[in-house]
Amino acid sequence: SLVREPVSAMDYVNVSNKGISKQSVMKLAELMDIPLKDIAAMLNMSYKTFSRKLPTDLMDTISSSLTIEIAQTLAKGLVVFENESVLRRWLQKDNRSLQGKKPIELFNTPTGIKLVNRVLYRIEEGIYV
Numbered sequence: 003s004l005v006r007e008p009v010s011a012m013d014y015v016n017v018s019n020k021g022i023s024k025q026s027v028m029k030l031a032e033l034m035d036i037p038l039k040d041i042a043a044m045l046n047m048s049y050k051t052f053s054r055k056l057p058t059d060l061m062d063t064i065s066s067s068l069t070i071e072i073a074q075t076l077a078k079g080l081v082v083f084e085n086e087s088v089l090r091r092w093l094q095k096d097n098r099s100l101q102g103k104k105p106i107e108l109f110n111t112p113t114g115i116k117l118v119n120r121v122l123y124r125i126e127e128g129i130y131v
């Protein structure tokens with residue numbers, strides 16, 4: 003766990019390098035209301051490998067970084083939609099701005115996460131069609 007809240011982008015890089023606990027990843031899956039096998043796939047990891055880890059085990063740098071990016075995107079989504087269940091529905095719904103893909107389907111790459119964030123910013127700014 004963090005000694006203090008990260009305040010800069012560099013803090014997030016340092017946390018990624020240190021590793022995010024499996025427990026944090028499980029909490030993220032719970033927030034998104036998705037099965038653990040789906041979050042494992044999102045982190046480009048087999049479910050078998052993921053399930054072998056103890057809750058206190060740390061994820062590798064890339065998985066940790068993706069976890070942080072997904073968490074920040076969810077936080078942005080909560081600001082935009084002001085409601086967890088509305089956000090969850092939006093994540094699971096085909097989206098024209100994402101060529102018909104569900105936002106949650108793009109969480110397995112930094113590029114996909116960036117696209118989802120772009121759509122969230124457009125919704126917030128009222129430029130969403």
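Going by our numbering, the residue at position 48 of the sequence shown is 50; the numbering climbs one at a time, nothing skipped.
Where a beta carbon is used, it is the ideal one built from N, C-alpha and C, also for glycine.
Quick caveat: nothing in here was measured; it's all calculated off a predicted structure.
For residue i, the first and last residue of its enclosing alpha helix (DSSP H)
i    : result
M40  : Correcting the residue type first, residue 40 is Asp in the shown sequence and not Met. That run of the alpha helix (DSSP H) goes 38 to 44.
T51  : 49 to 54
R91  : 86 to 93
T111 : Segment: none, T111 is in no alpha helix (DSSP H) and carries neither H nor E.
K29  : 24 to 34
L80  : 63 to 83
Same chain, Cβ closer than 7 Å to residue i, five either side skipped, listed in chain order
i    : result
D35  : R90
M47  : S65
E126 : V82
Cβ neighbour criterion (16 or more within 10 Å) applied to residue i
i    : result
P112 : exposed
S2   : Look at the range of the chain in this structure, 3 to 131, and you will see that residue 2 is not part of it.
K20  : exposed
I64  : exposed
V81  : exposed
K24  : buried
S67  : buried
T51  : exposed
M44  : buried
M12  : exposed
Nearest residue (CA-CA) to residue i, options the options
i    : options              : result
N97  : N85, L117, E84       : L117
I72  : Q94, Y123, S99, L108 : L108
G102 : V82, E86, V121       : V121
G128 : T69, Y49, I115, F83  : F83
Same chain, Cβ closer than 8 Å to residue i, five either side skipped, listed in chain order
i   : result
M28 : L38, I41, P57
Rounded separation between residue i and residue j - CA only
i   : j   : result
V88 : V17 : 29 Å
Residue i: CB within 7 Å of a non-hydrogen atom of the ligand FAD
i   : result
S18 : This structure simply doesn't include the ligand FAD, nor any ligand for that matter.
Proximal residues to residue i (C-beta, below 6 Å), its chain only, five neighbours per side dropped
i   : result
T75 : I115, V118, N119
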